[in-house]
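Asks: Here the protein sequences line up with chains H, R and C, keeping their order. With my numbering, the residue at position 159 of the first sequence is 166, and numbering never jumps. With my numbering, the residue at position 231 of the second sequence is 614, and numbering never jumps. With my numbering, the residue at position 418 of the third sequence is 1094, and numbering never jumps. For each residue, glycine too, the CB sits at the ideal point set by N, CA and C.
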Amino acid sequence: MQAALSFYGTAVGKKMVVAVTGLFLFLFLLIHMLGNLQLFAGPEALNHYAAFLHSKPVLVWGFRVLVAGAFALHILATLQLFLQNLGARPVPYRVKRTVEIDYSSRTMIWSGPLVLLFLLYHLLHLTVGSVHPDFSAGDVYRNVVTAFSLWPVAAVYIGANLLLGFHLKHGLWSWFQTLGLAHPRYNRWRNCFAWLLALLLATGNIAMPVAVLAGWVD
Amino acid sequence: MKLTLHIWRQRDRGDRGRFVTYRLDDVSPHMSFLEMLDVLNEQLVGRGEEPVAFDHDCREGICGACGVVINGLPHGGFPGTTTCQLHMRHFQDGDEITVEPWRSKAFPVIKDLVVDRSALDRIAQAGGFISVRTGSAPEANSVPGPKEAADLAMDAAECIGCGACVAACPNGAAMLFTAAKISHLGLLPQGQPERERRARNMVSAMQREGFGACTNYRECEAACPKRISINFIARMNRDFLKASLLHGRERGGKRQAR
Amino acid sequence: MKLDAKIPGGPLQQKWSDYLNDIKLVSPANKRKFEIIVVGTGLAGASVAATLAELGYRVLAFCYQDSSRRAHSISAQGGINAAKNYPNDGDSVWRLFYDTIKGGDFRSREANVYRLAEVSNSIIDQCVAQGVPFAREYGGGLANRSFGGALVSRTFYARGQTGQQLLLGAYAALMRQVAAGQVELHPRCEMLDLVVADGRARGIVTRRLETGQIETWSAHAVLLASGGYGNAFYLSTNAKGCNATAAWRAYKRGAGFANPCFTQIHPTCIPRSGDYQSKLTLMSESLRNDGRVWVPARKGDRRDPGDIPEAERDYYLERMYPTFGNLVPRDVASRAAKRMCDDGHGVGPSGQGVYLDFAAAIERLGEQAVRERYGNLFEMYERITGEDPYRVPMRIYPAVHYTMGGLWVDYNLMSTIPGLFVLGEANFSDHGANRLGASALMQGLADGYFIAPFTLGHYLAGEKPPALDTSHPAFADARRQVEERIGRLLGIGGPHSVDHFHRRLGAILWDKCGMGRRGEGLEQAIGEIRGLREEFWKQVRVPGGAEGLNPELEKAGRVADFLELGELMCRDALERRESCGGHFREEYQTEEGEALRDDANFTHAAVWEYRGDDQEPARHAEPLNLEVVKPSQRSYK
Ligand SMILES: Cc1cc2nc3c(=O)[nH]c(=O)nc-3n(C[C@H](O)[C@H](O)[C@H](O)COP(=O)(O)OP(=O)(O)OC[C@H]3O[C@@H](n4cnc5c(N)ncnc54)[C@H](O)[C@@H]3O)c2cc1C
Ligand code: HEM
Ligand code: FES
């Protein structure tokens, strides 16, 4: 316990918690997305998949607890780091210039919470159904299609996943660095890897609302 | 050339400080940035005003004493160049230049452009050494060291401790400085016995001094006048993780009560 | 002034080991009771402070920089010598000793130099164990390079930053002791006076540079490792803050100052580019291996170097020294360059420069090979001058680099004031009239790690200096003098800045006590420096107050001391009526224009004793009884 506390007491330790939970969340999202992509296989496949999940409450709830825990840790640690960083430069520079920072690394602290907001909306929308205009428990396929036929809803999903992509573009690269996975020989692959996976997740998720809007699935 | 300078002036630690604008008419492109400040100071002394205080010593890029933020970038942002090595030919007639001190909670401003960087020394005190008694060393060639590791250690060891990495980091983190020292010693056979201890203690010391946390922006690497790579930060993280996971686990080689 | 070098008896090779067997030791319990002041945290200071602390002494260490890691030793480039004989090229302790004595033009003490060569190997062991990343070969062993003045390859190096790496090693050892509570470190704290009580050095007076607070510190012994005084010349390769104040205050408190005129001028530095120039940058000597030095054969030829045809170039080193050519020793190369410029052949805007041309090397080896050898130096040159040395020949000129002179010390490294020890460049001990490359780092670390810790113990165990604190009247007295002086400096309020005077002093010393010296010139210089000193004390302007960070005040105190030391340098140069090493009296030269020593009359160290501001200092001589080596004439034709 003592050791864990002193580990977490350092910025490096907290950052590692962010990295590990971040990777876990990413993996969860990946599985989640793969499951949902069955949308393209038709109502049967998707609804069957949903029914299967509902028949395994232990698995689903186990996952939910883990994911919520990971979220909590991820958010707690990033918040603490954010506050530490705010305090580390009490007097700002008059001229602010940077060389390496890109849009995605600069916006981590905003892309994260926005994604969280979206997630809450998403839960209420497609899991609980309370903000869904025409929710019918059990018919996931119909719920998704009717939801995305409204273009503002689809836009929210598309926007949120773009943000998530940004978050992951920096996050996944960062993940290697934070956990000490670096070697000059392989380093350039880290960036490719981050780009690739971020793109994969974002396009996979975005494909669904786009497909509905375009009328490819109905 | 003619220049307009906006320079941070602050009497002492307690003073709130402010920017003061100065005009210089006769700047030669061959001057170094510090020589340009010398000329300004000489004029200020002539007018009976207090000259601008700035740290400097070797003026050849190795002692790490100098360092100011020039137009938003530490040491001016020219690759591999300290403030003392920066020459005025990189500026143009009529330029406006804003000169600020390193900004960090851990580096309080002492006066004008001079900051207190003793926090870096305290990080070194926490473990930036190999404990060897004078006179107890084995024959130098008795421990062969792979050339590649020695070269890599030297890449890290070139750190001049100027603090530009902290100044450049939007979070005011001192990761590059600390990582360079941990890596330098951790790469050498002589540094192995204390490797994990060193990583844990120096990382904790960084925390105590009030530096920020790394978010992998890579600004430190871009600002480092010795071009030290952030790969060393990854290496430090690795050492720290290993040290934290294994710390204390191997204690108690004796049979314990169950 | 009594000058007893206290050289142990017995054969040269046995002196140090016999000495170590004979000295008195301090018991571990007593070490804790002794407080030691170390002024300076360069190689000499950091190494001795760390070692003493490790032994159990309580150490107080001081430096003027914001961190002890920034001491001037950090900027040494080339390397450090040791007699390891790893390349198997016939090196030995004896050869290192002999080369160093000969390089010093036979003006140093045999016993000290032999000891230096003896401990050189332990230094390398120590530094490697500390984690100094010396260059290595693929087999994992340490690499060596060659340096001037030796036929063997014995220089250890860490890229072009050997001084930095050695200092960071010593700094690490020091930090470890600070963490252990054995060393109390005071950075940004400048020693302004030495306190001598009851005939012994018992403390110092310091000013905290950040706050201006004046403090006094007492101890059982004081160790000065405050570096050299090359900055007396204003322009030198030394760091801007390097100063003689600590040593000069000690001199004025009764320590003998030896051979102040022995200064080293390095031939390959980047020439100054204008009046604003604040310091000079060294370009490694190694460049002369492949570069050819030349000037236009016609006086005042202002054409671009590329427009001057081969036939109108004068490769003067190759012409004058056909055997050694561009590789003559530092002093010879420097003097030749000065002569060419004085004769009107100089190049560059100021006419104070000669070309160092790599065109032939690039043609012979290819640009890539030249880049591999000297890339970092070329880059440094281009950064400073804005010129590309691959296209245009480099311009170089000699610059003040090192001071062999310093406070006189005996074999124990103790000055003429009991309890005051002097280490590193601040003492005069090992380099005679000229220092060989890569031997200053060796000396600083030898003094700090392996010599002073023993000789200091011997002093403390033998003399048992009684406890004494800062209530002794000598402390209040010294403190008052320091405060008065600061008050005086601040009160003058004249029209000129401190640098104004420093530049003028530098110009006088460079012209008359630089590469070539003459009797009349030196006499004039003494008069001019006196005049300048008087003017300084009437006309200098030091803005700001005594409190708080005031860099102008710091400079003023240092320059005031240089204005006194400069006179002594000239006086010493005047009295040494011979040429040797870096000291070239134009009246004393061979027919070929080389240095002409006078061994019969000047095989001694000249030691100056302060006798008050209104009296001339007294010159004493410590004869150097060379028993083992036979002085010979150096010739490089
Ligand atoms: C550019 C350059 C390159 C060189 N290259 C080499 C080389 O390759 N090989 C080699 O052997 N030698 C070389 N030398 C020479 C060598 O670097 C120095 O002689 C040596 O480092 C001096 O070490 P030191 O410990 O005696 O003093 P320094 O390193 O000069 O340290 C002096 C210390 O004293 C302190 N100090 C001074 N005055 C005061 C005061 N009044 N109060 C408090 N503290 C004070 C300073 O803060 C500092 O800590 C080079 C020198 C130069 C200039
Ligand atoms: C939706 C799922 C999420 C995933 C997959 C995810 C993934 C990641 C990853 C992989 C990292 C990189 C860790 C590292 O630096 O090594 C990271 C960092 C971060 N995340 Fe998330 N994250 C998610 C949600 C969130 C949320 C909800 C927040 C905000 C409350 C957030 C805020 C942050 C912050 C601030 C960082 C640190 C950025 C930095 O240090 O540069 N993330 N995330
Ligand atoms: S003054 Fe030494 S690095 Fe700039």
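Rounded to whole angstroms, what is the Cα-Cα separation between residue 597/R and residue 779/C?
Replies: So the alpha carbons of these two residues sit roughly 52 Å apart.
Asks: Cα separation between residue 797/C and residue 1062/C?
Replies: If I take the Cα positions, the gap works out to 41 Å.
Asks: State whether the region 934 to 953 of chain C contacts the region 1068 to 1086 of chain C, with contact taken as three or more CB pairs (one from each stretch) at a distance under 8 Å.
Replies: Output reads yes: the region 1068 to 1086 of chain C touches the region 934 to 953 of chain C.
Asks: Tell whether a beta-carbon distance below 9 Å holds between residue 812/C and residue 805/C.
Replies: Cβ atoms of residue 812/C and residue 805/C: not closer than 9 Å.
Asks: Do residue 599/R and ligand 2 come close, with the Cβ less than 8 Å from some heavy atom?
Replies: Residue 599/R Cβ: within cutoff of ligand 2.
Asks: Should residue 116/H be counted as a contact of ligand 2 given a C-beta to heavy atom distance under 8 Å?
Replies: Yes, the beta carbon of residue 116/H sits closer than 8 Å to at least one heavy atom of ligand 2.
Asks: Does the Cβ-Cβ distance between residue 783/C and residue 1278/C come in under 9 Å?
Replies: Result yes, Cβ atoms of residue 783/C and residue 1278/C sit closer than 9 Å.
Asks: Short check: CB of residue 894/C to CB of residue 1145/C, under 9 Å?
Replies: In this structure, residue 1145/C lies closer than 9 Å to residue 894/C by Cβ.
Asks: Go through the region 433 to 464 of chain R residue by residue and report every complete run of the alpha helix (DSSP H) that reaches 4 residues or more, in order.
Replies: Runs of the alpha helix (DSSP H) inside the region 433 to 464 of chain R: none found.
Asks: Hey, is residue 1328/C close to ligand 2, as in C-beta under 8 Å from one of its heavy atoms?
Replies: In the structure as shown, chain C starts at 677 and stops at 1313, and residue 1328/C therefore has no counterpart that could be examined.
Asks: Counting only beta-carbon separations shorter than 9 Å, does residue 546/R have a partner in chain H?
Replies: Judged by the 9 Å Cβ criterion, residue 546/R is not in contact with chain H.
Asks: Quick one: which chain R residues come within Cβ less than 7 Å of residue 818/C?
Replies: Simply 523 and 524.
Asks: Closest by CA to residue 219/H, which one among 188/H, 158/H, 17/H and 173/H?
Replies: Measuring from the Cα of residue 219/H, the nearest candidate turns out to be 158/H.
Asks: Output needed for residue 233/H: all residues of its chain with C-beta closer than 6 Å, excluding positions within five of it in sequence on either side, in chain order.
Replies: Nothing about residue 233/H can be reported from this structure: the residues present for chain H run from 8 to 225 only.
Asks: Run through chain R and tell me which residues come within less than 8 Å of residue 1219/C, C-beta to C-beta.
Replies: Simply 427, 428, 431, 432, 433 and 434.
Asks: Thinking C-alpha only, which one of 209/H, 188/H and 213/H is nearest residue 645/R?
Replies: A question about residue 645/R goes unanswered here, because the residues of chain R that appear run from 384 up to 641.
Asks: Give the C-beta separation of residue 1083/C and residue 1103/C to the nearest angstrom, bearing in mind that I take them to be a contact with Cβ-Cβ under 8 Å.
Replies: Going by Cβ atoms, the distance from residue 1083/C to residue 1103/C rounds to 5 Å, so yes, they are a contact pair.
Asks: I'd like to check one pair, residue 856/C with residue 515/R: are the Cβ atoms closer than 9 Å?
Replies: Cβ atoms of residue 515/R and residue 856/C: not closer than 9 Å.
Asks: Let me check you understand the geometry: is the CB of residue 185/H closer than 8 Å to at least one non-hydrogen atom of ligand 2?
Replies: Correct: residue 185/H has its Cβ closer than 8 Å to ligand 2.
Asks: Suppose you measure from the CA of residue 865/C to the CA of residue 117/H; what does that come to, to the nearest Å?
Replies: If you take the alpha carbons of residue 865/C and residue 117/H, they lie about 47 Å apart.
Asks: Check whether the Cβ of residue 22/H sits closer than 8 Å to any heavy atom of ligand 2, and report yes or no.
Replies: The answer is yes for residue 22/H.
Asks: Any heavy atom of ligand 2 closer than 8 Å to the CB of residue 70/H?
Replies: Outside the cutoff, so no.
Asks: Measuring straight from C-alpha to C-alpha, what distance separates residue 1292/C and residue 911/C?
Replies: Computed Cα separation, rounded: 28 Å.
Asks: What is the DSSP secondary structure of residue 748/C, reduced to helix, strand or coil?
Replies: In the structure shown, residue 748/C sits in a helix (DSSP, three-state: H, G or I).
Asks: Where do the ends of the alpha helix (DSSP H) carrying residue 970/C lie?
Replies: Residue 970/C -> not in any alpha helix (DSSP H); beta strand (DSSP E) instead, spanning 968 to 972.
Asks: For the beta strand (DSSP E) holding residue 1249/C, just list the boundary residues, first then last.
Replies: No beta strand (DSSP E) contains residue 1249/C, which is instead part of the alpha helix (DSSP H) from 1227 to 1251.
Asks: At the level of alpha carbons, what is the spacing between residue 207/H and residue 175/H?
Replies: About 10 Å.
Asks: Thinking C-beta only, is residue 1302/C closer than 9 Å to residue 1106/C?
Replies: Not closer than 9 Å, so no.
Asks: With C-beta atoms as the reference, is residue 1210/C less than 9 Å away from residue 1218/C?
Replies: No.
Asks: Is residue 95/H closer than 9 Å to residue 488/R when the C-beta atoms are compared?
Replies: Their beta carbons are under 9 Å apart, which means residue 488/R touches residue 95/H by this criterion.
Asks: Along chain H, which residues have their Cβ under 9 Å away from the Cβ of residue 466/R?
Replies: What residue 466/R touches in chain H: nothing, since even the nearest Cβ is about 15 Å away.
Asks: What alpha helix (DSSP H) runs, 4 residues minimum, are completely inside the region 130 to 178 of chain H?
Replies: Entirely contained in the region 130 to 178 of chain H, the alpha helix (DSSP H) runs reaching 4 residues are, in chain order, 147 to 156.
Asks: Quickly, what does DSSP pair residue 1082/C with across the bridge? List them, please.
Replies: In DSSP, residue 1082/C forms a bridge with 934/C.
Asks: Output needed for residue 1314/C: all residues of its chain with C-beta closer than 8 Å, excluding positions within five of it in sequence on either side, in chain order.
Replies: Since the first and last residues shown for chain C are 677 and 1313, residue 1314/C lies out of range.
Asks: Check residue 1265/C in the structure and name its three-state DSSP category.
Replies: Correct three-state label for residue 1265/C: strand.
Asks: Name, please, each residue of chain C whose Cβ falls closer than 7 Å to the Cβ of residue 512/R.
Replies: Correct list: 848, 849, 851 and 852.
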